[in-house]
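*Asks:*
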Amino acid sequence: MSPRVTAILVVHDGTGPAGPAGLQGTLDALAAQSRQPDVVVAVACDAPAATTLALEQANIDRIVTSGERLNFGQALAAGIRVLEQPSGPDEFLWLLAQDTAPEPDALARLLGAIEVAPSVAIAGPKLRDAADGSTIVSLGESVTPFGATVLLVENELDQGQHDSVSDVLGVAPAGMLVRHTVWEQLGGFDPAFGSADDALDFCTRARLAGHRVTVVPSAIVLTQGSGIAGPSRSNRPAAKRKRARQARGAQLYRRLVYAPAAVVWLHWLSLVPLGILRGIGRIVSKQPGLVGSEIAAAFRVAFSPIRIVRARKNLRRSKVAGWSSLSALRIPTTEVRRRRRLRREAGVAVYTVERSDLRFFTGGGAWLVLASGLVSAALFFSLLAASAVEGGTLLPLSASVGGLWQHIGYGWRDIGLGFTGAADPFSAVVAVLGTMTFWNPSYALVLVMLLALPLATLGGWFAATRLTERSGYRLIAAVLWTVAPPFLSALLAGNLSGILVHLLLPWLFYTGCAAARSWGSAAVASMLLAATLATAPALAPALLVLWLLALAFSGRHVARVFWLVVPSAALFAPLLWQQGIVAQNWVRLLADPGVPVQTASPTGWELVLGLPAGNPAWDSMSDALGLSGVPAYLLVPVLLAPLIVMALLALFLPGSGRAAVLVVTALLGLATAAAASHLFLTVTGSAVVSIWPGSALSLYWLGLVGAATVGFDSLRRSAALPALVIGILALVVAVPMGASLVTGGGQVAASNGRTLPAYVAAAASADPSLRTMILTPEPDGGVSARVVNGVGDTLDNQSTVVTTDTSLTDNDTKVATLAGNLVSQGGLDLSALLADYRLQFVLLDSPPSTVGEPASSPAQEMANRAAASLNANAAFAHVGPTDRGTLWRFEGEPVPPAAVGGDVPLVSTLVLLTLGLIFGFTLLLAIPTAASRRAAEARPRIIGRRSPDPAPRLSRAERAERDAAAEAEKAIELELAAESNEIDEREAHAAAPEPGSTETEAGDGVEPRQSDAFALSRSAGSPAADGQATSHRTSSHSADSQESHGR
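Per the working numbering: the sequence shown = residues 17 to 1063.
Structure representation (structure tokens):
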């Protein structure tokens, strides 16, 4: 009896990578077969009328239509359902999709191979890429011992090197020829698989039913990989995510279906934990887009019990051979490791460029940092033995690390009489700093002051490595950044925000420039951006403009650039809600965090020169040198003019694109500084304070120095002398500021870590809920009052919600009323209020005065009247004068503090959990791996400069081939990493071959040969095979040029 072949053609919309011509090409190839199918059945799933008309015109025997877009297995079942039951083993089904075009002799060769071996039930063709016709897409499939699918051959140039292959574990669904009786015996494809591993599962069940599966290399079918028969080969991110989800889901589903009944529960319990662990692995391997695919696959399989039970029954019904009969067809773990190693060594269409050494030591960078450290030790010699600092915006930190982290997020704020609200994002930055010196958190601020200069030098030098390869120009850029006027002004004024911003900006530049290149750089840059904005929120508009520009030019790496703002948005979310959405006062979000300090407003020319608070140091120096006729407003512009000229000149030199971006950055910083100096948001006492413009001027200085460095690099050696002169002139400008630090002109001094008298601090250590009211006489004869909690003010417990609120709150009214009664003698008994507010102490501060001048008469009179009133109050005991003022103690018993109720604990927990997840995710992304380091070394360090020998442009097919191979390698790495996991070890034991299984097969008794599948795997992964079959592209540069990270 001659064989009878029924072709089943599955059609969706008739389009694909090749457009509508894809279906027509398949129909033409079907009509051109030398051995025509006896019957052709087309299954049109949710197909338009034009596609159905094309099928009718192609003389298809039967057309089955469906209003749903069925997957390949479901569509095949619908098409086969209209056929009669097979009458014998010589009836075959040929499985095709709209994007598969068999060559004219494909069916004849498949039939020829299956007819000579009665035990062969399934024969698969060699699949080639329809785009070029010469690349092997699939030639047999297998699995690892842990169940991961492995294509024996993929993305290799077909030179006939694998044409001797026959027995395999499975074949691809496209072009598969299967006996109709076997199809009915096994129940066809399991529709639960979707488009991943449906054919592999079917072939596995056929093997266990006693049949053989072979691949016929001489039968060739071209496929476009549109995702109907088998996974889509598209390179789009959405397609990658779907492919990963389907592949992992299929692996887990097979694991539950194939496992012995006694351990299915163990597999089921491990699904979600393993999904989470593999999701973390995806993050570490810089594939964050696939995290959702891992977790979704685990949950989907975990909640598919009916499908699993049905599949297990179907397997049990047809199974006659043991699992050990498949051992020879699996790919051993050692072979998987070997293939991965060879793939890594041989590369997968990777272009590399020569990357020069970093030369941190040999280029002088390390020695410049050391010199900067020595200068810092000389300037801040008085702080070398300090355990805390004060002055300017500096305050001690909480005494414990736990106290630091309690002040982030959302919850109860112990400020004044207390309130529920959002913490400043700056509290998180301070908490990180304090945690670094966990034994004494306040000592972190001492280290910031001592290490500020060398850290600025280090950051400036590394930022310069993104702009020039020349060591001399890197040193000049580092010097210019270290002696920046806004930075030195911040050191003089003790402005912690200005200092930290200046230290963070070069690293934000260094990592942000490469954010589009890698997820690792994007993750680090996103955390640095969050810290920068938390420290200086006024920079948000300027940095947002730069982010939008980067987003517009990010191309297909838009997700990495978009992620830059995600941690910042999460960190600011509670404050955005309270200040913006609830209070409808969005501009308050730009207020400086920390302690408000009033400074002199700079003039326009001072901002252009980078001076945020004038230049009193130069005025003093001019007077000391007898240069009163040549004031600072003439000297400093002349000294800094060459730097500005070089930055502008860079716009007309080679590399002007990079210089233009940096000049725009400088202009944004200057505009922000000008606006900040006129934006008064915070209140301290009776004064309104503007935003510190120095942070914005640091951004301005970054643009200037960066553009000048680009100019130096463009002029090459001819710019050596101008660069040296510019560096020397900048040092001259910095000399008076440095001298002020030595002579005591700065506001920072060593501290004992207390802001309240020792007597109060000791009592508050035993009961942190106690409060102290501080009364300060004002020059106009009034008195200001504020309430301090516990041991006193700490930097981590400041809030812009309080300092920017100009309205009189209920708490303000209570404090003002109580203070007015305390400083005036009357008969009102205040004991109940004092106990209710838990006010245990009253501290009368000294009247404000300037150096060499006594306090004003109204202020002194108010101080005397307040002291007399407190002494006359029977509720208070006079403690006496202290280093912080005169102290009185309340004799009554304070009311125990009430617990914070309502939804505050829940909201606080949700906020902290969200922050932990986002920043934990980002931190995992930032962890470098061997693969990320290799990728970094394959790219130039300098940003924005065209390579003299650029790599040839890849076609879409070549990019898809490269990305698919890299994706497969990382999937195998995750699979092998799981081998050492305890859960996977239990699963490996559970999935071991059943005792007593036999390796018997029906038919002609041909055993599966290891030389077919295993040897094919070895040849596919060997260097020789790679050399013959893979079209490698290498750079013209030396492959062994490696980056030396500072010899």
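Yeah, the Cβ is synthetic: ideal placement off N, Cα and C, and Gly gets one too.
Computed from a predicted structure; not experimentally measured.
Which value, in whole angstroms, describes the spacing of the CA atoms of GLY389 and THR725?
*Replies:* Approximately 23 Å between the Cα atoms of the pair.
*Asks:* Once you ignore the five residues that flank VAL495 on each side, which residues in its own chain have a CB closer than 6 Å to its CB?
*Replies:* These residues qualify, in order along the chain: GLY743.
*Asks:* Hey, LEU605 and PRO553 are a contact pair by Cβ (cut 8 Å); roughly how many whole angstroms apart?
*Replies:* Contact flag correct, Cβ pair sits at about 6 Å.
*Asks:* Throw me the rounded Cβ distance for the ILE707 and ALA607 pair, which I believe falls under 8 Å.
*Replies:* Yes, ILE707 and ALA607 are in contact; Cβ-Cβ is about 7 Å, under 8 Å.
*Asks:* Using DSSP bridges, identify the partner residues of LEU859.
*Replies:* Paired residues: ILE790, LEU903.
*Asks:* Please report how far the alpha carbon of PRO874 lies from the alpha carbon of LEU678, in whole angstroms.
*Replies:* Approximately 53 Å between the Cα atoms of the pair.
*Asks:* Would you tell me roughly how many angstroms separate the C-alpha atoms of LEU623 and ALA951, rounded to the nearest one?
*Replies:* If I take the Cα positions, the gap works out to 42 Å.
*Asks:* Applying the criterion that 16 or more other CB atoms from any shown protein chain within 10 Å of the CB defines a buried residue, is ARG972 buried or exposed?
*Replies:* Caution is warranted here: a pLDDT of 48 is assigned to ARG972, below 50, making its placement in the model unreliable, and the coordinate value is therefore given only provisionally. Looking at its Cβ environment, which holds fewer than 16 other Cβ atoms inside 10 Å, ARG972 is exposed.
*Asks:* How about ARG576 and ALA506: are their beta carbons less than 7 Å apart?
*Replies:* Cβ atoms of ARG576 and ALA506: not closer than 7 Å.
*Asks:* Report yes if the C-beta distance between ALA851 and GLY908 is below 7 Å; otherwise report no.
*Replies:* Yes, the pair counts as a contact, with Cβ atoms nearer than the cut-off.
*Asks:* Give me, in chain order, the residues of the same chain whose beta-carbon lies closer than 7 Å to that of ARG125; leave out the 5 immediate sequence neighbours on both sides.
*Replies:* For ARG125, where only same-chain residues beyond five positions count, the Cβ hits under 7 Å are VAL232, SER234, ALA235.
*Asks:* If you follow the beta strand (DSSP E) that LYS335 is in, where does it begin and where does it stop?
*Replies:* Segment: none, LYS335 is in no beta strand (DSSP E) and carries neither H nor E.
*Asks:* In the structure shown, what three-state DSSP assignment does TYR716 receive?
*Replies:* Three-state result, TYR716: helix.
*Asks:* Which residue's Cα is closest to the Cα of VAL21: LEU46, ALA500, GLY305, ASP213?
*Replies:* VAL21 has its Cα closest to that of LEU46, out of LEU46, ALA500, GLY305, ASP213.
*Asks:* Roughly how many angstroms separate the alpha carbons of VAL98 and HIS196, rounded to a whole number?
*Replies:* Cα-Cα distance, rounded: 13 Å.
*Asks:* Confirm, please, whether the CB-CB distance from LEU886 to VAL895 is below 7 Å.
*Replies:* Result no, Cβ atoms of VAL895 and LEU886 do not sit closer than 7 Å.
*Asks:* Three-state secondary structure (DSSP) at ASN601?
*Replies:* It is coil, neither helix nor strand.
*Asks:* Spatial neighbours of ALA884 within its chain, please: C-beta separation below 8 Å, excluding the five flanking residues on both sides.
*Replies:* Correct list, in chain order: GLN841.
*Asks:* Do the region 380-399 and the region 746-764 meet, that is, are 3 or more Cβ pairs less than 8 Å apart?
*Replies:* Enough Cβ pairs lie closer than 8 Å, so yes.
*Asks:* By how many angstroms is the C-alpha of HIS28 removed from the C-alpha of ARG259?
*Replies:* If I take the Cα positions, the gap works out to 18 Å.
*Asks:* With a threshold of 16 other CB atoms inside 10 Å of the CB of PRO628, please say whether the residue is buried or exposed.
*Replies:* Buried, since its Cβ has 16 or more Cβ neighbours within 10 Å.
*Asks:* Got a sec? Which residues, its chain only, sit under 6 Å from ASP145 by beta carbon, not counting five neighbours each side?
*Replies:* Closer than 6 Å at Cβ, skipping near neighbours: THR151, VAL153.
*Asks:* For ILE96, tell me which candidate among PHE377, SER135, VAL198 has the shortest Cα-Cα distance.
*Replies:* Ranking the options by Cα distance to ILE96, first place goes to VAL198.
*Asks:* In this structure, how does DSSP classify GLU1017 when only helix, strand and coil are distinguished?
*Replies:* With a pLDDT of 35 at GLU1017, under the threshold of 50, the modelled position of this residue cannot be trusted; read the value that follows with caution. Here GLU1017 sits in coil by DSSP.
*Asks:* Whose C-beta lies closer than 7 Å to the C-beta of PRO120 among residues of the same chain, with five residues either side of it excluded?
*Replies:* These residues qualify, in order along the chain: ALA48, GLN49, SER50.
*Asks:* Beta-carbon within less than 7 Å of GLY380's beta-carbon, same chain only, minus the 5 sequence neighbours each way: which residues are those?
*Replies:* Once the five neighbours on either side are set aside, the close Cβ partners of GLY380 are SER487, LEU491.
*Asks:* Measuring alpha carbon to alpha carbon, tell me which of LEU399, LEU939, ALA780 ends up nearest ALA765.
*Replies:* Selected option, being the one with the closest Cα: LEU399.
*Asks:* Any beta carbon from chain D within less than 7 Å of GLN114's own beta carbon?
*Replies:* Absent here is chain D; the protein component of the structure consists of one chain.
*Asks:* ILE322: which of TYR459, PRO207, PRO793 sits nearest, CA to CA?
*Replies:* Per the Cα distances, PRO207.
*Asks:* For HIS518, which of SER416, GLY685, LEU592 has the nearest alpha-carbon?
*Replies:* Cα-wise, what sits closest to HIS518 is GLY685.
*Asks:* Where are the beta strand (DSSP E) runs, 3 residues long or more, that stay fully inside the region 727-810, in chain order?
*Replies:* With a minimum length of 3 residues, the continuous beta strand (DSSP E) runs that stay inside the region 727-810 are 765-767, 787-793, 799-805.
*Asks:* Name the residue from ALA164, GLY156, ASP183 whose alpha carbon lies nearest to the alpha carbon of ASN171.
*Replies:* Nearest option by C-alpha distance: GLY156.
*Asks:* So what does VAL229 bridge to, in DSSP terms?
*Replies:* Looking at the DSSP assignment, VAL229 forms a beta bridge with ILE138.
*Asks:* For TYR853, name the three-state secondary structure that DSSP assigns.
*Replies:* TYR853: coil per DSSP, three-state reduction.
*Asks:* Verify whether the separation of the beta carbon atoms of LEU941 and TRP535 is less than 7 Å.
*Replies:* It is a contact, given that the beta carbons lie within the stated cut-off.
*Asks:* So, helix, strand or coil for ARG85, using DSSP?
*Replies:* In this structure, ARG85 counts as coil in the three-state DSSP scheme.
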